[in-house]
Each structure stands twice: as structure tokens, then as C-alpha cells.
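Chains A and B are the protein sequences, given in the same order.
According to this note's numbering, the residues represented by the first sequence are 588 to 793, in order.
According to this note's numbering, the residues represented by the second sequence are 588 to 793, in order.
Below you'll find the structure, written out as C-alpha cells, and then a few comments.
There are 2 protein chains.
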Amino acid sequence: MRRISDSTVRRLAAYLRFLEHAEAEGRVTISSGELARLGGTTSAQVRKDLSFFGSFGKRGLGYSVPALASKIGEILGLQRAHRVVLVGAGNMGGALAQYRGFHQRGFHISMIFDQDPKKVGVRWNGLQVRDVRQLESDLRKDPIDIAIVATPAEAAQQVVDKLVQAGVKAILNFAPVRLSVPPDVEVKTVNMALELETLSYALANR
Amino acid sequence: MRRISDSTVRRLAAYLRFLEHAEAEGRVTISSGELARLGGTTSAQVRKDLSFFGSFGKRGLGYSVPALASKIGEILGLQRAHRVVLVGAGNMGGALAQYRGFHQRGFHISMIFDQDPKKVGVRWNGLQVRDVRQLESDLRKDPIDIAIVATPAEAAQQVVDKLVQAGVKAILNFAPVRLSVPPDVEVKTVNMALELETLSYALANR
DNA sequence: TTCTGTGAATAGGTTCACAGCT
DNA sequence: AGCTGTGAACCTATTCACAGAA
Chain A
588 MRRISDSTVR RLAAYLRFLE HAEAEGRVTI SSGELARLGG TTSAQVRKDL
638 SFFGSFGKRG LGYSVPALAS KIGEILGLQR AHRVVLVGAG NMGGALAQYR
688 GFHQRGFHIS MIFDQDPKKV GVRWNGLQVR DVRQLESDLR KDPIDIAIVA
738 TPAEAAQQVV DKLVQAGVKA ILNFAPVRLS VPPDVEVKTV NMALELETLS
788 YALANR
Chain B
588 MRRISDSTVR RLAAYLRFLE HAEAEGRVTI SSGELARLGG TTSAQVRKDL
638 SFFGSFGKRG LGYSVPALAS KIGEILGLQR AHRVVLVGAG NMGGALAQYR
688 GFHQRGFHIS MIFDQDPKKV GVRWNGLQVR DVRQLESDLR KDPIDIAIVA
738 TPAEAAQQVV DKLVQAGVKA ILNFAPVRLS VPPDVEVKTV NMALELETLS
788 YALANR
């Protein structure tokens, strides 16, 4: 299969949300134009995005809402739940552990690690915070799919090295640093201060 | 000035971080090649990014670290601090209010609003949580530069409408919804579940 | 007639490659 | 010799436009 761009994948995830809303409302079909309107794109973009994976619509009619939802879920690998490990039980880690959106979307946080002895052992959201020194061995016993890194910047790279050692192939990083990983490991970094800086740029250049 | 792409702006913000590190270490000059290595790009990319704004280097030598840092700070509008309002005092709001990275970078959260009467009045990080019904009038009395929206999805659009009414031109949104705003208002949405979904896609298609 | 699927055209961002300072 | 600044080439994503199925 041809290499799919990140923007296409993100839009697919967005379409899936709209399809789920439509499905909840009992809608049976939806057109590329309507998906486009909901997602802030164009109908051609929607059709092109889908066309990379097959042809799922009916000309003159549009797409079957449940069929397309299930197809996109399959493309994104969301038919099954994902086991997630959270590293870093600070403020951000806490917020992420509680965050409903993850669970709703099938991302289940099933272990939490921290380095701070004062935090280790504490029950958090039904989960006991573990010592980060056990990270590798615990993950080997009980593999997970995705890791979320919410440590301070200084600790992030060494945590990531351990995660990679333990075989983790997908990492969502909230620490404000560029992480180096082998090419078969996928990292997404969410850098919140950097987002504010792009807003500052927009304000300064109007 | 030519329209600058979002990717260029984000890279500039990244270069600025590296320059600050270099400056702290007493480095005097730096080459595009080194900035590229630190930022995971190419030297041509670095030079091209900078070239949109002028020519700041010396051929054969590289860039003056402090001069380039200050120039990029100016481009991004970071010479002055920014006043930030946070709307939504839930888990995520709490984490954001405490987040060091914002303050370090000159983004000062100076008001917090929530809708929940149980939260209103509570002191949070030295700030009293205000009633969201006062949002518009408080912002008119005391304008801010940037708003951070950390409410549930259902509340986000109406909060944003109030912010827009109150004259806010830049919004960082953590609610998992597409927001509609007038064209002169800049919105950046951080959708964390969506980031996990792109990781799920990567795992499913290896 | 309506709306999809898709090649072709366009736009935009990245990389190349080299002339020109220092 | 070393490294910048930049037009040109390249590549990738988006938009156009239309043939074809319902």
C-alpha cells in the first residue's frame, strides 16, 4: 500500500467521529460533502482520503454510515482496545490518567510508573503507581501497545530508551524534547508551549 | 511579507530552544547544520526557514547565537510576556495551570474560569476560580492575549463564542471538537485521543 | 440528477546545488 | 575552506473536473 500522509490519517480519525455521531442519530447514509463540512475540508479531499483504501461509497447516494465507520475503524486499527502505559505521575500524568477521552476511544491505561518514591505505591484511579526501575521487566511480563510519556524533559529520553528496550513501538510524548528512537518506533510529540508560541506568532503578524 | 507555513513557525520555535541552550553554554556562533541536527531537519531547511525573514548569518561562519535567538524571539512575538486565560478547571485545566513550561516561556495564566459552582471561588495556584458567566465582562475590563479552553467537548463552542465576543484573537483548544470562529481568530486544537489514533494506525500498518 | 472515484492540474513545501561572502 | 542565501528542481498534498454508477 502506498504511504499515507499523516494529514490523511488525522482526517480519517475526524471523519470517524462524525460518523459515530451520525450513527447515534440513526443516519443511514452520508455524503462526502457533509463529512467535508463537518471536518472543515472539501468533498474532494474526503473522497481522495478514502480512495487510498478502497471505494466504499455508492455513486449518487453517498456512504453507508455504519459501513464506513467500521471500515475507518479497521483502517485505524481501532477494532480492538489498546493497552497503554503511562510514565510520569505528575500533574500532566494525573490529568491524562483521568482523561475520559482515552478510555472512550478504547485506549486503556493499564499501568502507571513514576520515579519518585513518594508516588510509588499510591493508588491512582484504581491503579497502583509502580517504580520506573521495574518498567522494563514489568513490560516484558505484560506487554502493552502504546506508551504515554509525561515526565519532565530531562527524564524523557532515558524513559524512552527503556520503553524501546522493552519492545514498545508507539509513544505519545508530552515532554518538551525531541526524542531519538529507532526507525521502527513511532513517536508523536505534543508540545503545548510550542503551540502557544505559534499562537504568539499569529498575534504578532496580523 | 509572504505567508509563512505553520511548519516553518514550529521549526523556528524549536530552533529558539536550541539557541537558548547554546547561549546558556556560552556558545557564540552556531551553523545551520548544527541547528538542523538538533532539530531533526536539514541545514538547507534551517537556512530556508530563516531566509523568509531576512539574512542573519555570516557566510563561512554561521549565526551569532544571541543575535539569532533574539531575532527569532522577535519574529515569534516572544519579547513580551503574554497574558493567558484558562477556561475549564477540570483535570486537564489543573494540569495546565500548574504546567511550568508555559510560565517559563512567558505565558502567564492570569485568570481561571469554570462553570461549576463548586469550583468557583476556590483558590488555585494563587488564582481564584471565577464564574464563567463573568467571562465576557471580566475580559473586557482586563484584556488577555490568549485563551486556553480545557472544558468538556459540549461546552467548548459556547465558551469560544464568549471569548470571541470579548475580543480574544488566539485560542488553544484541548476539547476534542472542531471549533468555529471568525477568520481573524486563530485556533490551535490539541486532540490527544486523535494522536493516539494516529499511533494506532501506525501499529496496524507496519 | 446526484454523488462517487480518480486521473490531471495546481499549489506548496522541501531538497538540491551553487554562487558569493568571510 | 567554510558556511550562508537562494533560485531551480523535485516531490507531495490538495483541488479540479469529469466520466460513470445509482
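Yeah, the Cβ is synthetic: ideal placement off N, Cα and C, and Gly gets one too.
Bear in mind that the values here come from a model prediction, so they are computed numbers and not experimental data.
6 Å CB neighbourhood of residue i in its chain, flanking five on each side removed
i      : result
S697/B : R670
A757/B : I733 and E773
L722/B : F700 and K749
N778/A : P763
S724/A : none
S618/A : G649
Own chain partners of residue i with C-beta closer than 8 Å, once the 5 adjacent residues on each side are dropped
i      : result
R589/A : F639
D703/A : A676
P770/A : none
Pair within 7 Å by beta-carbon distance, residue i and residue j
i      : j      : result
V688/B : A737/B : Per the sequence presented here, residue 688/B reads as Gly, with Val not at that position. Not closer than 7 Å, so no.
V672/B : A734/B : yes
V709/B : V716/B : yes
A656/B : L606/B : yes
S787/A : L665/B : yes
L726/B : I659/B : no
L740/B : P763/B : Checking the displayed sequence, the identity of residue 740/B turns out to be Ala instead of Leu. Going by C-beta atoms, A740/B is nearer than 7 Å to P763/B.
S651/A : T629/A : no
A682/B : N712/B : no
Listed by chain order, chain B residues near residue i by CB distance under 7 Å
i      : result
A789/A : A757 and E773
Neighbour list for residue i in chain A, Cβ cutoff strictly below 9 Å
i      : result
Y686/B : N678, M679, M779 and A780
Straight-line Cα distance separating residue j from residue i
i      : j      : result
L625/B : V707/B : 44 Å
G647/A : S767/B : 29 Å
T776/B : G754/A : 31 Å
Y693/B : D636/B : According to the sequence displayed, residue 693/B carries Gly and not Tyr. If you take the alpha carbons of G693/B and D636/B, they lie about 23 Å apart.
E612/A : M679/B : 29 Å
R667/A : A742/A : 31 Å
S594/B : A601/B : 11 Å
V751/B : E784/A : 20 Å
V633/A : A631/B : 34 Å
G649/B : R614/B : 12 Å
H690/B : L714/B : 14 Å
A791/A : E661/B : 9 Å
V596/A : E782/B : 10 Å
G620/A : G627/A : 10 Å
D729/A : H695/A : 14 Å
A654/A : A654/B : 57 Å
F643/A : L663/A : 16 Å
F761/A : K645/A : 42 Å
I731/B : H608/B : 29 Å
R793/A : G641/A : 42 Å
K705/B : Y686/A : 20 Å
Own chain partners of residue i with C-beta closer than 7 Å, once the 5 adjacent residues on each side are dropped
i      : result
V747/B : V736, I758, L766 and V768
I591/A : F639
A780/A : P763
E610/B : V652, P653 and A656
Q745/B : none
Per-residue contacts from residue i into chain B (C-beta, under 9 Å)
i      : result
E784/A : V596, R597, L599, A600, L603, L663, G664, L665, R692 and F694
Under 8 Å by beta carbon: chain A residues contacting residue i
i      : result
F689/B : M779, A780 and L783
Contact set between residue i and chain A, taken where Cβ atoms lie within less than 7 Å
i      : result
D593/B : T785
A682/B : N678, M679, G681 and A682
Self-check item: Short-range partners of chain B found in the stretch 664 to 679 of chain A, where Cβ spacing is below 7 Å
Solution: Within the stretch 664 to 679 of chain A, the residues whose Cβ lies closer than 7 Å to some Cβ of chain B are G664, L665, H669, N678 and M679, listed in chain order.
Exercise. Could you list the residues in the stretch 746 to 775 of chain B with a C-beta less than 8 Å from some C-beta on chain A, going in chain order?
Key: Cβ contacts with chain A: K756, A757, I758, L759, P763, R765, D771, E773 and K775.
Self-check item: Residues from the stretch 606 to 639 of chain B in contact with chain A, defined by Cβ distance under 8 Å
Solution: Within the stretch 606 to 639 of chain B, the residues whose Cβ lies closer than 8 Å to some Cβ of chain A are L625, G626 and G627, listed in chain order.
Quiz item: What residues in the stretch 712 to 738 of chain B bring their beta carbon closer than 7 Å to a beta carbon of chain A?
Solution: Residues D732 and I733.
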